[in-house]
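Those letters in the sequence shown? Residues 338 to 509, per the working numbering, in order. Comments concern the structure below.
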Amino acid sequence: MDLTTEIRPETAADRQGIRELLTAAFDGSKEADLVDALRDDGALAVSLTADQGGAIIGYIAASRIRIKGERGTTTALALAPVAVHPEHQRLGTGAGLIRTGLNRARVAGFELVVVVGHADYYPRFGFKSARACGIYCPFEVPDSAWMLVELETGSASHHGGTVEYHPAFSKV
Ligand SMILES: CC(C)(COP(=O)(O)OP(=O)(O)OC[C@H]1O[C@@H](n2cnc3c(N)ncnc32)[C@H](O)[C@@H]1OP(=O)(O)O)[C@@H](O)C(=O)NCCC(=O)NCCS
C-alpha cells in the first residue's frame with residue numbers, strides 16, 4: 338500500500354464509490370447490496386475505505402452478530418466484505434484494511450470477529466479455525482474457510498455457540 342492511500346471511516350458521500358468498488362471486486366452486486374442493507378439498518382460496527390486521492394480502492398465492513406450458546410448470548414462481529422479494486426490488489430491494501438478494522442473493533446470493545454474467507458490469507462492476521470473453538474456457522478461452509486480471531490485472549494472459550502448473522506446475509 339503506498340503512502341498516498343489513506344484508510345479512513347466511510348462518510349455519507351462514499352456510498353456510491355463503495356458500491357462501484359464492491360461491484361468491481363466481486364462478481365455482481367450482491368456484496369454492494371449487502372453493505373447498503375447493513376448500513377441502512379445501523380448494523381455496521383466497522384466500515385472503512387482505502388482512499389487514494391479521493392478514489393475508493395478498498396473497503397472493509399464488520400457487522401454485529403450474536404453467538405447463541407449454552408452460556409447465553411454474546412455480541413461479536415462478522416468481517417464481510419473485504420475488497421480491493423482488481424487494479425490495486427497484492428499491494429498490501431487488504432492487509433491494511435484488515436489490521437485497521439480489527440484494531441477499531443478491539444477499541445470498540447468487541448472480543449471476537451468471525452470471517453468466511455480464504456484459509457491462506459486470514460491466518461496471517463491471527464484468524465484460526467472457529468469450529469475448533471466451538472463456534473459454529475449457521476450455514477454450510479468448508480471448515481477451513483470458517484475462522485475467527487480473538488481480540489481478547491481466551492474469549493472464544495467463553496462464548497461457544499452458533500452465530501446468528503444479520504438477516505441481510507440470507508440474500509447473499
Ligand atoms: C482478498 C483481497 C481483499 C486481498 O486484498 P489485497 O490488497 O490484494 O491483499 P494484500 O496485498 O494485503 O495481500 C496479498 C496477499 O493476499 C493473498 N491473497 C489475495 N487474494 C487471495 C485469494 N483469493 N486466496 C488466497 N490468498 C489470497 C495472497 O497470499 C497475496 O500474497 P502475495 O502477494 O504473496 O501473492 C482482494 O484480493 C480482493 O478484493 N479480492 C476479491 C474479493 C474477495 O475475494 N474478498 C475476500 C472475501 S473473504
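Note that the Cβ used here is the ideal one computed from N, Cα and C, for glycine as well.
Between Ala387 and Gly433, is the Cβ-Cβ spacing less than 8 Å? A distance below 8 Å separates the beta carbons of Ala387 and Gly433.
Considering only the beta carbon of each residue, do Gly463 and Ile397 sit closer than 8 Å? Contact: no.
The beta strand (DSSP E) with Thr342 in it runs from where to where? It spans Thr342 to Pro346 - the beta strand (DSSP E) in which Thr342 sits, taken as one unbroken run.
Could you pull the start and end residues of the beta strand (DSSP E) that Val452 belongs to? That run of the beta strand (DSSP E) goes Leu449 to Val453.
Does the segment 359 to 367 come close enough to the segment 404 to 416 that 3 or more CB-CB pairs lie under 8 Å? The answer is no - the segment 359 to 367 does not touch the segment 404 to 416, with fewer than three Cβ pairs under 8 Å.
Where the alpha helix (DSSP H) containing Lys367 begins and where it ends: Secondary structure note for Lys367: its alpha helix (DSSP H) is the uninterrupted segment Lys367 to Asp377.
Residues near ligand 1, criterion Cβ-heavy atom distance below 5 Å: The filter returns Ala362, Val419, Ala420, Val421, Gln426, Arg427, Gly429, Thr430, Gly431, Ala432, Gly454, His455, Asp457 and Tyr458, in chain order.
At 3 residues or longer, what runs of the beta strand (DSSP E) sit wholly inside the segment 390 to 430? List check, beta strand (DSSP E) in window: 392 to 406 and 409 to 421.
Suppose contacts are defined by Cβ-Cβ distances below 8 Å. Is Gly395 in contact with Thr430 by that definition? Their beta carbons are under 8 Å apart, which means Gly395 touches Thr430 by this criterion.
So does the segment 497 to 506 actually touch the segment 370 to 386, counting three or more Cβ pairs closer than 8 Å? Result yes; three or more Cβ-Cβ pairs closer than 8 Å.
Would you mind sorting Leu416 into buried or exposed? The rule is 16 or more other CB atoms within 10 Å of its CB. A buried status is given to Leu416, since no fewer than 16 other beta-carbon atoms sit within 10 Å of its beta-carbon.
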